[in-house]
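When we follow my numbering, the leftmost residue of the sequence shown carries the number 3, and every step to the right adds one.
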Amino acid sequence: LDSTDEEALKSQGVDKVDVAIIGIGQGAGGFEAAILTVVNLLQMGVKQIYARAEDLIAGEVFSKVGATEVIYPEIESAERWAYKLIAPQIGEKIDFAEGYSLARIKAPASFDGRTVMDLQLRQKHNVNLVLIKRGENSKQSKAEKGKIINVPMPSTVIYQDDIMMVAGSDADLAKLPQE
3 LDSTDEEALK SQGVDKVDVA IIGIGQGAGG FEAAILTVVN LLQMGVKQIY
53 ARAEDLIAGE VFSKVGATEV IYPEIESAER WAYKLIAPQI GEKIDFAEGY
103 SLARIKAPAS FDGRTVMDLQ LRQKHNVNLV LIKRGENSKQ SKAEKGKIIN
153 VPMPSTVIYQ DDIMMVAGSD ADLAKLPQE
C-alpha cells in the first residue's frame, strides 16, 4: 500500500479510522513518504495521528505538519538503557513529569526485616513508597507471596525480595541503595 496515495488509503478504509500510527522508516525517501502520509491522513479527517521519528528535527517537522504526537522509540530506548546503567537498582521507570518518575525497585538486603518507619524513605532518600508487592521468595507464608500492599503503613515490614514502587525525582531514585 502506497500511503502517499490518498486514493490507495481510502480504498483500504483508512479514511474511516480515528487513530493512525505512522511508522515508516526515514531512510531512502521514507521521511518524505511519512510526511505525505500525515498530510493525507489529516485531509481525510483522521483525528489522532502518531508519527515515529528517528530524531528531534524529524519530530519537529511531523509536529508542524499536524501529527498529534511524535514518538521517538530510539531516543526513549537509549534514555531507558542509560538510566538502567546509571541506576541498576531501578527495574522499571515510568516518567511522570520532566525529571520525576515512578520506579519499581527490588528491596535491597539493607531493607530486609525493617519497617517503613525505620527506613524513613521520605526523610533519608526524598522518595515516597507507593506500594509493595511481596516477593515470590519472601520469608512470608505462601498466602503473602505476590500480595500487593497498597499505601503501606509505617509498621509494614519490608523483606529483601519485595518489589517496591517508589515515586520521586530521577536524581533521588538513582541514589537509592543497591543490592
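We put the beta carbon where it would ideally sit given N, CA and C, even for glycine.
Whose CA, out of the options, lies closest to the CA of residue i?
i    : options                  : result
K1   : G101, L38 and Q91        : Shown here, the chain extends from 3 to 181; a query on residue 1 therefore has no answer.
L121 : I88, P156, L104 and Q50  : P156
Q125 : G137, L178 and A10       : L178
R106 : A89, R116 and M119       : A89
Q162 : A10, E138, A176 and D174 : E138
V118 : I160, I51 and A60        : I160
F64  : M46, A111 and N42        : N42
G115 : T158, E181, G15 and E34  : T158
For the alpha helix (DSSP H) that contains residue i, what are its first and last residues?
i    : result
G32  : G32 to Q45
V67  : L58 to V67
A105 : Taken as a continuous stretch (DSSP letters only), A105 belongs to no alpha helix (DSSP H), being part of the beta strand (DSSP E) at Y102 to K108.
How far does the beta strand (DSSP E) with residue i in it extend, from its first residue to its last?
i    : result
D4   : Run containing D4: none; DSSP gives neither H nor E here.
A53  : Q50 to R54
L175 : Careful: L175 lies outside any beta strand (DSSP E), inside the alpha helix (DSSP H) at D172 to A176.
A22  : V21 to I24
State the DSSP-derived secondary structure class of residue i, mapped to helix, strand or coil.
i    : result
Q91  : coil
M119 : helix
R124 : helix
E76  : helix
V132 : strand
E181 : coil
E81  : helix
Contact the stretch 168-179 vs the stretch 125-141: 3+ CB pairs below 8 Å: yes
Quick test of the definition: if touching needs 3 or more C-beta pairs under 8 Å, does the stretch 72-91 touch the stretch 146-153? no
On the three-pair Cβ rule with 8 Å, is the stretch 49-57 touching the stretch 13-26? yes
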